[in-house]
Structures are given as structure tokens and as C-alpha cells.
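Participant:
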Ligand SMILES: NC(=O)c1ccc[n+]([C@@H]2O[C@H](COP(=O)([O-])OP(=O)(O)OC[C@H]3O[C@@H](n4cnc5c(N)ncnc54)[C@H](OP(=O)(O)O)[C@@H]3O)[C@@H](O)[C@H]2O)c1
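Numbering (the numbering used here), first residue to last: 972 to 1139.
1. Measuring alpha carbon to alpha carbon, tell me which of 1050, 1088, 979 ends up nearest residue 1003.
2. For residue 1141, I'd like the list of residues in its chain whose CB is within less than 7 Å of its CB, leaving aside the five on either flank, ordered along the chain.
3. Name the one or two DSSP bridge partners that residue 1010 has.
4. Once DSSP output is grouped into helix, strand and coil, what is the label at residue 1080?
5. Relative to ligand 1, is the shortest distance from any of its heavy atoms to the C-beta of residue 1035 smaller than 6 Å?
6. Just list the residues that DSSP pairs residue 975 with in beta bridges.
7. State buried or exposed for residue 981, treating a residue as buried only when at least 16 other CB atoms are found within 10 Å of its CB.
8. In the DSSP output, what is residue 1016 paired with across the bridge?
9. I think residue 1030 touches residue 1054, with their Cβ atoms under 8 Å apart; what is that distance to the nearest whole Å?
10. Please check the pair residue 1071 and residue 1087, which I expect to be a contact at CB under 8 Å, by giving their CB distance rounded to whole angstroms.
11. Is there at least one non-hydrogen atom of ligand 1 closer than 6 Å to the beta-carbon of residue 979?
12. Could you pull out every residue in the same chain whose Cβ sits closer than 8 Å to the Cβ of residue 1103, ignoring the five residues on either side in sequence?
13. Less than 6 Å separating the Cβ of residue 1039 from some heavy atom of ligand 1?
14. Considering only heavy atoms of ligand 1, does any lie closer than 6 Å to the CB of residue 1002?
15. What did DSSP end up calling residue 987 once you bin it into helix, strand or coil?
16. Is it the case that the Cβ atoms of residue 999 and residue 987 are separated by a distance below 7 Å?
17. Could you compute how far the alpha carbon of residue 1075 sits from the alpha carbon of residue 1109?
18. To the nearest angstrom, how far is the alpha carbon of residue 991 from that of residue 1016?
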């Protein structure tokens, strides 16, 4: 799979390395360019911008916070303007619910797919490929997996687990 990876900090570094090891065609972008060098030495494609990372089936962002994600997604030559119709943005940063909602709406308007996929685990866990990922988004083809709410015992869909909203 062709994957663009943006944000090679403590968490992103481990995640990008795992994707490379798994054999994906990964292009890497980081604001501080030198952090991309070791991934390029491991076989990642060198690119010059976040926009270039969008020439992929999916682009993953692992950035510090709301401000960083906003600038990379909505800024000049950002993901919204660069990602092809039908391609997917997977956002793994820990961001506000409000920004996640804005991202979902903007990607839908642009004909792109958006998956909110925040992670649990420390950088060493990321490097081992053992992060716990809570993924949710519209338009996924997989059947929802249901789990029980720890509080009420009622079922939660996979897209609702992160929001803890009980259904039926
Ligand atoms: N560390 C943890 O244990 C942990 C655990 C679970 C979840 N998280 C979440 O995972 C995310 C990443 O955490 P981290 O520990 O990897 O952080 P980090 O090491 O500080 O890395 C942050 C990344 O964001 C980039 N960045 C920051 N501001 C930017 C901006 N304005 N424009 C473009 N890029 C920008 C940084 O680029 P530069 O290299 O240029 O600074 C770097 O690639 C955060 O949302 C965090 O809450 C972290």
C-alpha cells in the first residue's frame, strides 16, 4: 500500500518504522527535515512537503496537537487541498473532538475519507507495533464490531467506542 506519513516525533517514528518493516511503500514528511533522514536510509521515499505525502492511498498524521494538525491539514498545500478524491486521511494525533469533527466534515466535502485513530501506548510500544488504536470514521466497509460499555453493559459500535455512546 502507498502510505504518506507526516510527523516523525516520538510516536510517529516508531509507527513509520513499523509500516516500512511491513513492506508498505512509505513516503515520510516532518517539519524538521533531518528527522526523515533515517527513514529514507531504511527505504522510505524522500518528499519535500505534506502535499507530496498525499500522493498515496492513505496519509497518516501523527502530530503534536490541534494547531499542528490544523496547519498541516488546512494550511497552504495542506492535506485537504492535496489528497485525491477517495483517498484516506488517518489522524492518529490526540486532538480535540471539535477539530476531529471539523476534519470529518472537511474531508467529506472534499470527497476524501477520514478515520480518527488516536492511539494508546508510549513510544516504545509504538516501536513494537503494539499500540492500542481506537479507529472511527464514516464510509468504512467493514462490519461494525460491537463491544460492551464498561459502565452500562450496553453495546457500543466500533465508531462509538472512542466517544462512549451506548446504542440499542
Ligand atoms: N508520547 C506519548 O507517549 C504519546 C502517547 C499517546 C498519544 N500521544 C499523542 O501522539 C501525538 C504525537 O506525540 P509525540 O510524543 O510523537 O510528539 P512529539 O515527539 O513532540 O512529535 C510531534 C510531531 O509534530 C510535529 N509538529 C509539531 N508542531 C507542528 C507544526 N506546527 N507543524 C508541523 N508539524 C508539527 C513535530 O515536528 P518537529 O519534529 O518539526 O518538531 C513532530 O513531528 C500527540 O498528539 C500526543 O498527544 C503521545
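No residue lacks a Cβ here, since even glycine has one placed at the ideal position from N, Cα and C.
Facilitator: Taking the structure as given:
1. 979
2. This structure does not reach residue 1141, given that the chain is present from 972 up to 1139, and the question cannot be answered.
3. For residue 1010, which the question treats as bridged, DSSP gives no partner whatsoever.
4. helix
5. yes
6. 998, 1030
7. exposed
8. 998
9. 6 Å
10. 5 Å
11. yes
12. 1090, 1091, 1092
13. yes
14. yes
15. helix
16. yes
17. 8 Å
18. 10 Å
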